[in-house]
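J.:
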Amino acid sequence: MVRPDIVLYGEMLDEEAMERAAAAIGAADMLVVIGTSLAVYPAANFVHYFKGPYAVLLNRTPVPQSLNFQLTVQTDAGAFLADVWKEFFEK
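Its first residue numbered 1, the sequence shown is counted upward by one per residue in the UniProt record's numbering.
#1: At a cut of 8 Å, does the stretch 5-14 reach the stretch 22-35 through at least three beta carbon pairs?
#2: I need the DSSP call for valine 40, collapsed to helix, strand or coil.
#3: Taking the DSSP output, what are the residues bridged to asparagine 59?
#4: With respect to the alpha helix (DSSP H) encompassing methionine 18, which residues constitute its N-terminal and C-terminal limits?
#5: If we ignore side chains and look at the alpha-carbon of each, how far apart do leucine 58 and alanine 77 end up?
#6: What first and last residue would you give for the beta strand (DSSP E) that runs through methionine 1?
#7: Taking Cβ positions, are phenylalanine 69 and alanine 55 nearer each other than 7 Å?
#8: To which residues does DSSP link leucine 81 through a beta bridge?
Laid out in structure tokens, this is it:
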């Protein structure tokens with residue numbers, strides 16, 4: 001059986017990978033969260049490691065999170081990102 005090198009729904013993340021992700025998020029100047037309900041753990045906890053000044057949420061529905069997003073765009077993430085791509089890379 002061929003298995004992709006990804007974590008599937010319901011599987012636990014590798015502890016070392018989680019620590020690296022938390023450290024990278026904690027050191028970032030900006031966090032962009034795209035297309036997630038932030039309801040699936042442990043990945044939903046990653047937003048709490050962010051200490052930078054700018055957090056952006058792009059999602060179809062509001063999320064029940066305590067993180068203070070400086071910008072929230074409530075829209076379809078796929079369509080929005082396709083429009084951004086066209087605006088910046090297809091002109």
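No residue lacks a Cβ here, since even glycine has one placed at the ideal position from N, Cα and C.
T.: The structure says:
#1: no
#2: coil
#3: Gln74
#4: 15-27
#5: 6 Å
#6: That residue, methionine 1, is in no beta strand (DSSP E); it is neither H nor E in DSSP.
#7: yes
#8: Note: leucine 81 sits in no beta bridge, so no partner.
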